[in-house]
């Protein structure tokens, strides 16, 4: 990049528009809570979250421009910045903190909120000194895919009202299916069948629109690899264990039933989850090792850039679009947070844990902020970096005498804070890239992100508690794969009582999968999840493949229109179902007998027809974009 050539954003620095307004803050708070709840549910279900920036930008455009007749692109940028905070906080929480619910019947919501708030604030604060270096000085070398895409949506805001209708339509469809299936219990939401003559070989799928939407967004390659993991677990491992264990007695870790008497779900619960956990852990570490050259380059470039005196400042002598929160405030805030972590009796991590958070937090925030600029937030090795943190910290705690339940909770707390910091730092990096392109004021975005972290952090404890009491984390309904893995890592180091043979089988499978040229972490998550979860994700990936196939040799404008339509409608499906899932959980929590246990229609035909209808609807809504374009 030519350092002497100054980039001019969509809204130049010389022009001021309404930005951090009361209306933008209120709307941002509402959307942050909504997407925090939706992503918490989704992440516990499938082990991943989806980006909230583009749906939030479209919804904001529809509301601010369509209803309130506000035409400030910078207000919309503030709203999407706050909303992504909710998504990031949920990601940091659901990848680690469900372990607390499995160790304790009902962990303190105050503790959960404290952990994610501290982690979220550290993620924002530690990213601030990196903004000018990564976003400005490396504008042409670090594309920040999600941030750039969101800026394009905001800049083409004239289409905001129509795009918002797509999200709303998807929201209604996803929410309606969820309410009819899990709310009114009109039909089953999962269909499955055993393969005749093949003991405990099970095929089936959950008929949830959200999973279909996830599959469409992540595409056929990733969804296919995840489904391959499901096939390996449910059509290979489980039947194999059934066959070899048909005449055996009880085999550890099962303690109440012989293998010959087990169903496929019993085998999944007692054996496959450990194999899957070993595969996920190994896949995460392999992902981390594969990114070591990038990690080294990120650290090298970061420290080199610190020597550059031309860093962003925050006084009136610099352009509006270059003003960050003052460096003095950043340093003081970081120091205060670390001290609070060290002395707070709520976490009980001590100075050792606080120092570990400071070191791993800043180190990995630097790395994550650069990596998401290259490959996007969805490809950032957050799991691998969290696993590395947990391994080192847990060993340190054990060596210093911090063992037992208190030591395990302390180790998980450190990992959760670092994980949340990484997730938030990656998201605010994308947001600041969006702001850089559209002409936002950095310090206002940074403040907005902190507000989003605050409101999401204050509500996430309640959300997780309700979901656990309603669906039970670690069950088939909420497998929470990443969190169960973190729990097993801490328990294994502290007590050494895990079924290591099963975990090493999973590790070996992950290595083999990597040698085959596949993403071992993606396949490993498929091994861990029920096949009924990965199957509808695969269907969504197939819809994306079909759309891409039909888009061959089409005009670029038409292809782009269909891509945006698909992402927005799929995002609506995810948000609608996930949010209504949380609402249903709250209703059951408030009135346990309000919703029955058994569906009215128990056959497999009705839910299958409903699911296929949503599949067809997704496809035809996307292909309809052609008629919109050609009609102009």
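Residue numbers (my numbering): 452 to 1083.
Note that the Cβ used here is the ideal one computed from N, Cα and C, for glycine as well.
Sort 897, 858 and 651 by Cα distance to residue 694 and report the nearest one.
Comparing Cα-Cα distances from residue 694 to each of 897, 858 and 651, the minimum goes to 651.
Cβ neighbour criterion (16 or more within 10 Å) applied to residue 544:
The residue is buried, with at least 16 neighbouring Cβ atoms inside 10 Å.
Given a cut-off of 9 Å, decide if residue 494 and residue 539 are closer than it, judged by their beta-carbon atoms.
It is not a contact, given that the beta carbons lie outside the stated cut-off.
Got a sec, what are the start and stop residues for the beta strand (DSSP E) residue 644 sits in?
First-last of the beta strand (DSSP E) with residue 644: 641-645.
If you follow the alpha helix (DSSP H) that residue 937 is in, where does it begin and where does it stop?
From DSSP, the alpha helix (DSSP H) with residue 937 extends over 932-946.
Those runs of the alpha helix (DSSP H) which lie wholly inside the segment 619-702 and span at least 4 residues
Fully enclosed alpha helix (DSSP H) runs of 4 or longer: 660-683 and 689-695.
Compare the C-alpha of residue 844 against each of 855, 834 and 859 and name the closest.
Closest by alpha carbon: 859.
Give me the Cα-Cα distance between residue 762 and residue 585, rounded to the nearest whole angstrom.
The pLDDT assigned to residue 762 is 47, lower than 50, so where the model puts this residue is not dependable, and the model offers no usable value.
Are there 16 or more other CB atoms within 10 angstroms of the CB of residue 884, so buried, or fewer, so exposed?
Residue environment for residue 884: buried (at least 16 other C-beta atoms within 10 angstroms of its C-beta).
Within 10 angstroms of its Cβ, does residue 1003 collect 16 or more other Cβ (buried), or is it exposed?
Per the 10 Å Cβ criterion, exposed.
For residue 859, which three-state DSSP category applies?
It is helical.
Which one or two residues does DSSP pair with residue 929 in a beta bridge?
Partner(s): 924.
Within the continuous alpha helix (DSSP H) that includes residue 971, where are the two ends?
It spans 971-979 - the alpha helix (DSSP H) in which residue 971 sits, taken as one unbroken run.
Which residues in the same chain as residue 471 place their Cβ atom closer than 7 Å to its Cβ, once the five residues preceding and following it in sequence are excluded?
Closer than 7 Å at Cβ, skipping near neighbours: 529, 895, 898 and 899.
Please confirm if the segment 951-958 is in contact with the segment 581-595, defined as three or more CB-CB distances below 8 Å between the two stretches.
With contact defined as three or more Cβ pairs closer than 8 Å, the segment 951-958 and the segment 581-595 are not in contact.
State the start and end residues of the unbroken alpha helix (DSSP H) segment that holds residue 549.
549-554 is the span of the alpha helix (DSSP H), which, as asked, contains residue 549.
Taking the C-alpha atoms as reference points, what is the distance between residue 486 and residue 697?
In a straight line, the C-alpha of residue 486 is about 46 Å away from that of residue 697.
Could you name each continuous alpha helix (DSSP H) segment of 4 residues or more that falls completely within the segment 698-743, going from the start of the chain to the end?
Fully enclosed alpha helix (DSSP H) runs of 4 or longer: 715-718 and 724-741.
In three-state DSSP terms, what is residue 546?
In the three-state DSSP reduction, residue 546 falls in the coil class, being neither helix nor strand.
When you compare only the Cα positions, how much space is there between residue 1024 and residue 841?
Spanning the alpha carbons of residue 1024 and residue 841 requires a straight line of approximately 34 Å.
Which value, in whole angstroms, describes the spacing of the CA atoms of residue 973 and residue 907?
Using only the alpha carbons, I get a separation of about 28 Å.
What first and last residue would you give for the alpha helix (DSSP H) that runs through residue 1029?
Per DSSP, residue 1029 belongs to the alpha helix (DSSP H) from 1007-1041.
Going by alpha carbons, who is nearest to residue 838 out of 772, 929, 926 and 943?
It is 943.
According to the Cβ coordinates, are residue 878 and residue 535 closer than 9 Å?
Going by beta carbons, residue 878 and residue 535 fall inside the 9 Å limit.
Residue 519 (DSSP reduced to helix, strand or coil):
Residue state, collapsed to three classes: coil.
How many angstroms separate the CA atom of residue 892 from the CA atom of residue 817?
Each residue's alpha carbon lies about 22 Å from the other.
In the DSSP assignment, find the unbroken alpha helix (DSSP H) run with residue 799 in it and report its ends.
Taken as a continuous stretch (DSSP letters only), residue 799 belongs to no alpha helix (DSSP H), as it is neither H nor E.
CA-CA distance, residue 1080 and residue 1009?
Low confidence applies to residue 1080: its pLDDT is 42, below 50, so where it sits in the model is not reliable enough to give any reading.
Return helix, strand or coil for residue 1052, following the three-state DSSP convention.
Strand.
Pop quiz: residue 933 and residue 1029 are said to be a contact at Cβ under 8 Å. What is the actual Cβ separation, rounded to whole angstroms?
Residue 933 to residue 1029, Cβ: 17 Å. No contact.
Measure the alpha-carbon distance for residue 680 versus residue 606 and round it to whole angstroms.
Distance from the CA of residue 680 to the CA of residue 606, rounded to the nearest whole angstrom, comes to 40 Å.
Rounded distance between the beta-carbons of residue 636 and residue 1046, thought under 8 Å:
Rounded to the nearest angstrom, the Cβ distance from residue 1046 to residue 636 is 7 Å, consistent with a contact under 8 Å.
Measuring straight from C-alpha to C-alpha, what distance separates residue 760 and residue 571?
For residue 760, the predicted model reports a pLDDT of 46, less than 50, meaning its position is unreliable; a value from the coordinates is still stated below. Approximately 28 Å between the Cα atoms of the pair.
Tell me, please, whether the segment 845-852 touches the segment 547-560 by the rule of three or more beta-carbon pairs shorter than 8 Å.
Touching, no.
Beta-carbon proximity check, residue 479 vs residue 903, cutoff 9 Å:
In contact: residue 479 and residue 903 (Cβ atoms closer than 9 Å).
Coarse secondary structure for residue 1002, derived from DSSP in three states:
Judged by DSSP in its simplified three-state form, residue 1002 adopts coil rather than helix or strand.
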